[in-house]
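2 protein chains.
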Amino acid sequence: MSGEIRLIPLRGIPELREGDDLEAEVLRAAARVGGFEDGDVLVVAQKVVSKVEGQVVALDEVEASDRARELAADLDPRRTEVILREAKRIVRARAPLVITETRHGFVCASAGVDSSNAGEPDTVVLLPRDPDASARRLRDRIRAASRIEVGVIVSDSFGRAWRKGTTDVALGVSGLVPLLDLNGRRDSVGYELHATQIAIADEIAGAAELVMGKLDGIPAAIVRGVAINGDGTGADLLMAPDRDLFR
Amino acid sequence: MSGEIRLIPLRGIPELREGDDLEAEVLRAAARVGGFEDGDVLVVAQKVVSKVEGQVVALDEVEASDRARELAADLDPRRTEVILREAKRIVRARAPLVITETRHGFVCASAGVDSSNAGEPDTVVLLPRDPDASARRLRDRIRAASRIEVGVIVSDSFGRAWRKGTTDVALGVSGLVPLLDLNGRRDSVGYELHATQIAIADEIAGAAELVMGKLDGIPAAIVRGVAINGDGTGADLLMAPDRDLFR
C-alpha cells in the first residue's frame, strides 16, 4: 500500500442549467476516466449544483434597497440586494465587501452569491438550499447506478480571515466524516493529542480545487485513496457561535 | 495529459533533532518512491523543520509570569509563557485558548507553539524563525543534489475563524507563486473574474496533510502535477492588517 492519493479531474461536463441531469453527467464523466471505485470522494463545485437546482436569480427582477445601494459602492446594487436577502446576519462590512452569515450558518463573503460563470449575463447564482441534501442525492444516484459507495462533497471557494486568497471548503457532505478527531489518541512518541481535529473534508475540497480550476470549466473531481468512513454533514464543520471568537 | 495530481507520502524519515540533516533524509525518502521530478512540490511539516533548526524550548528553563498563569487555565503556564514570548500581539483570548499574531505575521492559536510530537517530554516546539528561508534551503539542496527544480512548502495546521478543525496551510514557500491571481482573466462564458485569488499554496499544503498524518510520523509529501511557476514567499499569503476585518 503506497498510501498515495490521486486527484482526478472530471472533464467534459457541459454548461448545465435548471433541471439538467447533473448526476448523469457526472457518471458519464467518471466513466471516461475508468469509473468510480469504492471509497472515492466525489467533489462537485457548488455553482453547478446550484444551477441545476435553479438557485439562479435574474437581476432585472431585483429592486435594490437603500441599504443595498449603500453597501454596493461601485458594484451592481441589485447583486448586493440579493446578498442581503440571502444573509441571516452581516458579520462585517466595508463596502463593497460584505461578510455574512448565511441561513445555513456559513460565514463567507457575499453570502456565497456569485456572478462569474452564471452562464447568462445579469444573473447571479445562490448557494444550494441544502448542500448536504445535494451531496446525498449524488451519492445515492452513484450507488444506484453502479453499486459503488462513494463520499460526496459540494465545495465552494471561501476567503479566510487573516490570509489572502480563497481555498475551497466543504459546504455539503455525504458519506464521510468531515472532521477527523484525534482527541485522546497518541502520536508516535506517546504524547496525547488534545483537542486536535482535522477538517479533512475541507482539505479534500481544497485538494480537488487544484484540478478543477475556475477558468477551465471543470466542475468536479474524484479524490481517490483517502480513508473515508462513517457519515457526517457540512454542518459538522461549522463552529458553534458561542465557541466562536470572531463572529 | 490527464491533468491528474498525485499526493505521495514520504515514509521512513526518522525522528529528527537539532542539527540533523533533514535535507538528506528527505532526499533518501524521495529516492524510495522514485525520486523528485521537475515541477514537484515538496511539502514538509513545520515541526520537523523547527526541530532540526533547534526551535525547541525545555519548559524547566521557563518561569511563568502572572499573565501566563491567568491565560493558562488548567494547562501548563510555562507553555503559555512561551506563547506570550512568541506572540507579537494577542488577537483574542479565552483561557486557555489564545489567538495570537506571531512575529512573522501569522494569526494562529498559541503562536504556533506545539507540545505534541516534540520528541521529548516537557519541551515545546516553536515555529521556524524564517519559514521561507527553511523552504529555500530545502529547494537549493534538492537542486544541488539532483539538478531538479521543485517548489517547497513548509506547512502547519492552523485553525480557522467560523469553522471547526484545522487545515494545513503554507508558512514558508520557495519556488512557486502561492496565490493564483485570476484578476481580469475571463472564465469559460466570458465573465470577467474580479478580485479572485486562489491560495493554491494553502490548498497544496492541505492536500499533502491528507497523506502525512499526525499519528503516522510522516512529516513530508510530494505533490506531483500542479502547474507551478515563478516564485513567492509565505508572506504573500498574509492579509495586510489594514485590509483585514478580523484583526
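Chains A and B supply the protein sequences, listed in that same order.
Going by the working numbering, the first residue of the first sequence is number 313, and it counts up by one from there.
Going by the working numbering, the first residue of the second sequence is number 313, and it counts up by one from there.
Glycine included, each C-beta is placed from N, C-alpha and C at the ideal position.
Assign residue i to one of two classes, buried (16 or more other C-beta atoms within 10 Å of its C-beta) or exposed (fewer than that).
i: MET313(A); result: Its pLDDT being 46, under 50, MET313(A) is placed unreliably by the model, and nothing is read from it.
i: ARG448(B); result: buried
i: ARG475(B); result: buried
i: GLY525(B); result: buried
i: GLY324(A); result: exposed
i: ALA552(B); result: exposed
i: GLU330(A); result: exposed
i: GLU382(A); result: exposed
i: GLY346(A); result: exposed
i: ARG318(B); result: buried
i: ALA456(A); result: exposed
i: ALA357(B); result: buried
i: ALA405(A); result: exposed
i: GLY542(A); result: exposed
i: ASP468(B); result: buried
i: VAL343(B); result: For clarity, residue 343(B) is Ala in the given sequence; the question names Val instead. It is exposed - the Cβ of ALA343(B) has fewer than 16 other Cβ atoms within 10 Å.
i: ASP514(B); result: buried
i: ALA482(A); result: buried
i: ALA336(B); result: exposed
i: ARG451(A); result: buried
i: VAL425(B); result: buried
Kindly give me the distance between the Cβ atoms of residue i and residue j, rounded to whole angstroms, as I take these residues to be in contact under 8 Å.
i: GLN367(A); j: PRO440(A); result: 6 Å
i: VAL462(A); j: GLY544(A); result: Actually they are not in contact, since the Cβ atoms of VAL462(A) and GLY544(A) sit about 15 Å apart, beyond 8 Å.
i: PRO389(A); j: ALA399(A); result: No, PRO389(A) and ALA399(A) are not in contact; Cβ-Cβ is about 15 Å, not under 8 Å.
i: SER427(A); j: ARG379(A); result: Actually they do not touch by this definition, with Cβ atoms about 20 Å apart.
i: LEU387(B); j: ASP434(B); result: Going by Cβ atoms, the distance from LEU387(B) to ASP434(B) rounds to 13 Å, so no, they are not a contact pair.
i: VAL523(A); j: GLU349(B); result: VAL523(A) to GLU349(B), Cβ: 17 Å. No contact.
i: ILE320(B); j: ARG536(B); result: 6 Å
Give me whichever residues DSSP pairs with residue i in a beta bridge.
i: ILE534(B); result: ILE320(B) and LEU354(B)
i: SER377(A); result: For SER377(A), which the question treats as bridged, DSSP gives no partner whatsoever.
i: GLU413(B); result: ARG401(B) and VAL419(B)
i: GLN509(B); result: ASP493(B)
i: SER469(A); result: ASP480(A)
i: ASP426(A); result: VAL437(A)
i: SER486(B); result: VAL464(B)
i: ALA370(A); result: THR435(A)
i: ARG475(B); result: LEU550(A)
i: ARG406(B); result: LEU409(B)
Are the CB atoms of residue i and residue j nearer to each other than 8 Å?
i: PHE418(A); j: ALA473(B); result: no
i: ILE516(B); j: VAL353(B); result: yes
i: GLY484(B); j: SER446(B); result: yes
i: LEU328(A); j: VAL355(A); result: no
i: ILE534(B); j: LEU322(B); result: yes
i: ALA407(B); j: ALA421(B); result: no
i: VAL410(A); j: ILE395(A); result: yes
i: GLY477(A); j: LEU549(B); result: yes
i: LEU492(B); j: ILE512(B); result: yes
i: VAL338(B); j: ALA539(B); result: no
i: ASP480(A); j: ALA520(A); result: yes
i: SER486(A); j: VAL437(A); result: no
i: ILE402(B); j: THR412(B); result: yes
i: LEU334(A); j: VAL369(A); result: no
i: GLY518(B); j: GLY518(A); result: yes
Against chain B, which members of the stretch 467-488 of chain A pass a CB distance test of less than 8 Å?
SER469, ARG472, ALA473, TRP474, ARG475, LYS476, GLY477, THR478, THR479, ASP480 and VAL481
What residues in the stretch 388-417 of chain A have a beta carbon less than 7 Å from any beta carbon of chain B?
ARG404, ARG406 and ILE411
Contact set between the stretch 343-370 of chain A and chain B, restricted to residues whose Cβ is under 9 Å from the partner
The residues in question are VAL345.
What residues from the stretch 518-543 of chain A come within 7 Å of chain B, judged by C-beta to C-beta, listed N to C?
GLY518, ALA519, GLU521, LEU522, VAL523, LYS526, LEU527, GLY529 and VAL538
Members of the stretch 313-324 of chain B that neighbour chain A once the beta carbon cut-off is set at 7 Å
Residues are counted here when their Cβ sits less than 7 Å from a Cβ of chain A; for the stretch 313-324 of chain B these are GLY315, GLU316, ILE317, ARG318, LEU319, ILE320 and PRO321, given in chain order.
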